[in-house]
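According to my numbering, the sequence shown is numbered sequentially starting from -10.
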Amino acid sequence: MAENNNNGNSNGLAVHVREVSKTFGAGETRIQALKGVDFDARKGEMLMVVGPSGCGKTTLLSVIAGTLQFDGGEIDVFGTPLHGLKQREITEFRKRTVGFIFQQFNLIPTISLLENVSVPLLINGVRRSVAEKKSRDLLEQLGLGGRENDLPLLLSGGQQQRVAIARALVHDPKLVICDEPTSALDKDTGAKIMESLRAVARHPERCVIVVTHDNRVFKYADRMTEMEDGRVHKVHETYGHYQQNEGT
């Protein structure tokens, strides 16, 4: 049974998930990835989701982000009930509300950093001149000023991840989803990336959710949600609480 992590103020919730289920396949190949999951994430926090491979972490993030349909239950993200939307409406919600940061950066190798960061704005119909100005400013803020015209392969892993962060933030999403954002990086670079993400999460109308196996970055979490066998197993209000439960 998951601990109740609702602080009593429903207006403080960024994500509210109740009894969500998701199954892949059929017959003998049927796998129930989510088994009636209850999950909350708060505004202004960085929440980490941890657990063994195959426990449902990435599936949970995918249904919250609207990239994967779920079978049953309810999901509300910043006041938008995903369970009540048509697929076209979910796509529009995702374009406006969600930013993604991936383990392997997922930058387009044949276009410049500026063009990579501008993509979400262009998809949302923003004029190219406006999109490029905002993208240039964001790259500058993340320490990549003067590199706008470089191709991604000219950058280090940490620099590419900063470009990925800029791309995720350029359209001012309320929800930022991070799937193993530091596991391909060394310790020092990973720490810098997590400091950047913590700063992002401090916005009072934003939430950052990180799925990770990288125990080097657990200390950056405001709270930790532990998954096991398709369910939320425990919610730890602090990293220290998680350590105590792990016996470390």
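From the three backbone atoms N, C-alpha and C, an ideal C-beta is built for every residue, glycine too.
- Membership of residue 90 in the beta strand (DSSP E) is indicated by the continuous run 87 to 91.
- For residue 10, the enclosing beta strand (DSSP E) starts and ends at 2 to 13.
- Between the alpha carbons of residue 95 and residue 234 lies a gap of roughly 35 angstroms.
- Within the region 120 to 198, the beta strand (DSSP E) runs of at least 3 residues that lie entirely inside it are, in chain order, 164 to 168.
- Secondary structure of residue 232 (DSSP, three-state): helix.
- The Cβ atoms of residue 159 and residue 28 lie no closer than 8 angstroms to each other.
- Looking at the DSSP output, residue 61 sits in a beta bridge with 10.
- Here residue 90 really is in contact with residue 165; their C-beta atoms are around 7 angstroms apart, less than 8 angstroms.
- Cα atoms of residue 219 and residue 190: separation of roughly 26 angstroms, rounded to the nearest angstrom.
- Beta-bridge partners assigned by DSSP to residue 212: 36.
- Residue nearest to residue 81 within the set 129, 56, 8 is 56 (criterion: CA-CA distance).
- Bounds of the alpha helix (DSSP H) holding residue 111 are 102 to 112.
- Residue 79 and residue 51 have their C-alpha atoms spaced approximately 12 angstroms apart.
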